[in-house]
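Quick note on numbering: our numbering labels position 45 of the sequence shown as 45, and the sequence is numbered without any gaps. Input: a single structure, listed below in structure tokens.
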Amino acid sequence: MRGCSGAPVGRGGTLFSSSPTIEESKSHALKQCENGGGSDCQVIFENCAEPEFQKF
1 MRGCSGAPVG
11 RGGTLFSSSP
21 TIEESKSHAL
31 KQCENGGGSD
41 CQVIFENCAE
51 PEFQKF
């Protein structure tokens, strides 16, 4: 399962959220920012990573 994260910033500070998709991660992070009293919340970072398994 891949992991995605988004980081919004607003007057309330910067938050991070992770979800399986970019869309979910950004949506959840923006809601957190707004619910925390943030205003002018904007996503400043988004990225996904595939899990890596190395057999030893």
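Even for Gly, the Cβ is constructed at its ideal location relative to N, Cα and C.
Length of the line joining the Cα atoms of residue i and residue j
i      : j      : result
Lys-26 : Thr-14 : 13 Å
Ile-22 : Val-9  : 16 Å
Lys-55 : Val-43 : 36 Å
Phe-53 : Asn-47 : 19 Å
Residues near residue i in its chain [Cβ-Cβ closer than 7 Å; skip 5 each side]
i      : result
Ser-19 : Cys-4, Ser-25 and His-28
Gln-32 : Leu-15 and Ser-17
Exposed unless 16 or more other CB atoms sit within 10 angstroms - verdict on residue i
i      : result
Gly-37 : exposed
Ser-39 : exposed
Same chain, Cβ closer than 8 Å to residue i, five either side skipped, listed in chain order
i      : result
Phe-45 : Ser-5, Gly-6 and Ala-7
Close-in-space but distant-in-sequence residues of the same chain around residue i (CB under 6 Å, 5 per side omitted)
i      : result
Cys-41 : Pro-8, Gly-10, Leu-30, Cys-33 and Glu-34
Residue i in three-state terms, based on DSSP
i      : result
Ser-39 : coil
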